[in-house]
Structures are given as structure tokens and as C-alpha cells.
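A.B. asks: The opening position of the sequence shown corresponds to residue 19 in the working numbering, with each subsequent residue numbered one higher.
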Amino acid sequence: MVKVGEIIKLRKTCKHFRIRSIPDPVLNEILDAGRRAPSSGNLQNWRFVVVDDEDKRKELADACLNQRWIAKAPIHIVICSDIRQVKRWYGRKGEFYSVQNTAAAIENMIIAATGLGVSSAWIGGFADNKVRRMLAIPDNIDIHAIIVFGYADRKIRGQPKHSIWDITYFNEWDNSQRRPLDQPAMETASKKTKRTVKKVKRVIKKTAKKLRKL
Ligand SMILES: Cc1cc2nc3c(=O)[nH]c(=O)nc-3n(C[C@H](O)[C@H](O)[C@H](O)COP(=O)(O)O)c2cc1C
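(1) Excluding five sequence neighbours on each side, which residues of the same chain lie with their C-beta closer than 8 Å to the C-beta of Asn126?
(2) Go through its chain and collect everything with a Cβ distance to Phe144's Cβ below 7 Å, but skip five positions before and after it.
(3) Please say whether Val218 and Ile25 have beta carbons closer to each other than 8 Å?
(4) DSSP beta-bridge partners for Gly168?
(5) State the Cα-Cα distance for the pair Arg86 and Ile97, rounded to the nearest angstrom.
(6) Contact check, Ala170 vs Ser116 under 8 Å by CB: the rounded distance?
(7) Find out if the Cβ-Cβ distance for the pair Val215, Leu28 is shorter than 8 Å.
(8) According to DSSP, is Phe114 helix, strand or coil?
(9) Taking Asp80 as part of the alpha helix (DSSP H), name the residues at either end of that continuous run.
(10) Could you check what DSSP says for Asp100 in three-state terms: helix, strand or coil?
(11) Tell me where the alpha helix (DSSP H) around Arg53 begins and ends.
(12) Could you work out which residue in Ser57, Leu78, Thr31, Lys224 is closest to Lys148 when comparing CA atoms only?
(13) So, is Ala203 buried or exposed, given that buried needs 16 or more other C-beta atoms within 10 angstroms?
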């Protein structure tokens with residue numbers, strides 16, 4: 019059984035995709051992970067528009083401020099939300115909740131995809147009006163993001179991340195005199211983590227091979 023924590027460490031934004039489609043059962047798993055996310059009042063106000071048509075993907079790449087590389091990813095999922103019910107229930111707070119709900123769905127999808135050997139990129143840079151027009155998305159629907167999925171064609175170098183103690187406070191804001199976690203213990207853990215990451219990669223490779231035969 020692969021640990022979620024290890025899959026989270028494997029996730030990195032991918033900008034180079036192989037020309038290879040994603041099998042329907044894999045896409046189904048990714049969408050299923052999205053719909054299982056938590057949401058305020060369980061309103062599940064997210065809506066997903068899957069774009070697999072090649073011409074449309076190229077058009078979407080243009081609408082994403084000419085980020086042409088995204089067209090190569092075989093699946094684009096345009097993440098939308100219908101905010102009406104959330105606003106009716108929660109008023110102004112509903113606007114925040116709607117964003118949080120969709121972000122939770124996105125992250126679920128990305129992590130599920132990583133576990134299935136599928137890489138992804140979260141795209142926030144796009145022209146709303148162009149995306150809306152080309153996909154016939156109604157005016158009352160918000161467009162939050164476009165997540166592109168596919169198989170990486172090279173090893174992805176990770177981005178640097180802040181350490182836990184740079185971003186975490188205990189009991190009050192900015193109690194910087196306290197070192198929150200035991201650093202040596204974490205360093206010991208990292209060797210084990212490396213071994214597990216290798217194991218996870220092997221499992222992902224095997225799963226991807228099995229899925230290709232479907
Ligand atoms: C809200 C949001 C919008 C983003 N928009 C873009 C984008 O338009 N183009 C892009 O190349 N990456 C985009 N990214 C990806 C970030 O650049 C990336 O997550 C960040 O550099 C950290 O790298 P990592 O995902 O490999 O950890 C976006 C990420 C988020 C969360």
C-alpha cells in the first residue's frame with residue numbers, strides 16, 4: 019500500500035508531456051477523486067469540463083496566455099463552480115468557501131493522478147472570456163483553473179519549498195523563539211523517505227503498465 023504522504027512528495031508541476039493518451043479508467047479515477055473532496059455544507063458546487071479534443075486543447079493553450087506547452091497534455095480539466103447555492107447559504111463567506119471547495123477538488127485530483135503515474139500542471143493564467151466562449155460556459159458559472167494531465171516525458175525537477183518552521187507557529191502568531199519540531203528526527207526520517215519514494219515509483223510504474231493493457 020502506497021502512503022499518501024509519499025505521493026504528495028512525488029507531485030511536481032509538469033510542463034513536458036509525452037504524446038500518449040490517458041485511459042478512460044484512469045481519467046475516471048481522477049474525476050472520482052475530485053468529487054469526493056470536502057465542501058462547505060457538502061454543496062459540491064464544483065463542475066468539471068473535460069477537454070480532450072486536440073483542436074480545443076490548442077485553443078485553450080492560446081487562451082492560457084499563450085502557454086503553448088499545455089496543448090500537449092492529453093487531458094485538460096477546466097474547473098468551474100456554481101456559486102449560487104453557496105452564496106445563498108453563506109452570504110459573503112460563500113465566495114471564500116466556493117474557492118476553497120474547488121481547490122480541495124483540484125488537489126484531490128492532482129494527488130490521485132500522481133498516484134496513478136499521471137503528471138499535471140495547475141494553470142491559473144488564462145483569459146476567462148476566451149475560455150468561457152470556446153466551451154460555452156454560462157455567465158453565472160465561475161472558471162477557477164485549468165488542470166492539465168498527462169505522462170511526463172522527462173524527470174521533473176522539484177521547486178524549493180519553505181521549511182515547516184518557516185511557515186508554522188504554535189499557539190500564537192510569530193513565536194519564532196520556539197523551534198516547533200525536532201529537526202534531527204526529521205533528517206533521520208528523510209533516508210527512509212528516499213527508500214519509500216523509490217518503492218512508490220516502482221509501484222506507479224507497475225500500475226501504469228497494467229493500465230496500459232486495459
Ligand atoms: C493558483 C495557481 C495558479 C497557477 N498558474 C500557473 C500558470 O498559469 N502557469 C504555470 O506554468 N504554472 C502555474 N501554476 C503552477 C505553479 O507555478 C507551481 O505550482 C509552483 O511553481 C510550485 O511548483 P510545484 O507545483 O512543482 O511544487 C499555478 C499554481 C497555482 C496553485
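For glycine and all other residues, C-beta sits at the position ideal for the given N, C-alpha and C.
C.D. replies: Once the coordinates are examined:
(1) Reading the sequence shown from its first residue, position 108 is the one you call residue 126. So the list reads Ala51, Gly52, Arg54, Ala55, once near-sequence residues are dropped.
(2) Numbered from 1 along the sequence shown, position 126 holds the residue referred to as residue 144. Around Phe144: Ala81, Cys82, Leu83, Ile164.
(3) Position 7 of the sequence shown, counted from the start, is the residue given in the question as residue 25. Position 200 of the sequence shown, counted from the start, is the residue given in the question as residue 218. Yes, the Cβ-Cβ distance between Ile25 and Val218 is below 8 Å.
(4) What you label residue 168 is simply residue 150 of the sequence shown in a count that begins at 1. Checking the DSSP bridge columns, you'll see Gly168 partnered with Ser137.
(5) Here residue 86 refers to the residue found at position 68 when the sequence shown is read from its first residue. Here residue 97 refers to the residue found at position 79 when the sequence shown is read from its first residue. The straight-line gap from Cα to Cα measures roughly 19 Å.
(6) By one-based count along the sequence shown, residue 170 stands at place 152. By one-based count along the sequence shown, residue 116 stands at place 98. Actually they do not touch by this definition, with Cβ atoms about 31 Å apart.
(7) Here residue 215 refers to the residue found at position 197 when the sequence shown is read from its first residue. Here residue 28 refers to the residue found at position 10 when the sequence shown is read from its first residue. Contact: yes.
(8) The residue you call residue 114 lines up with position 96 of the sequence shown. Correct three-state label for Phe114: helix.
(9) What you label residue 80 is simply residue 62 of the sequence shown in a count that begins at 1. Looking at the DSSP string, the run of the alpha helix (DSSP H) that includes Asp80 is 72-81.
(10) On the sequence shown, residue 100 is found 82 positions in, with the first residue counted as 1. Looking at Asp100 - three-state DSSP - the assignment turns out to be strand.
(11) Indexing the sequence shown from 1 puts residue 53 at position 35. Where Arg53 is concerned, the enclosing alpha helix (DSSP H) stretches over 42-53.
(12) Counting from one through the sequence shown, the residue named residue 148 turns up at place 130. The option with the nearest alpha carbon to Lys148 is Leu78.
(13) Residue numbering aside, residue 203 sits at position 185 when the sequence shown is read from its first letter. Its pLDDT being 44, under 50, Ala203 is placed unreliably in this model, and the coordinates cannot settle the point.
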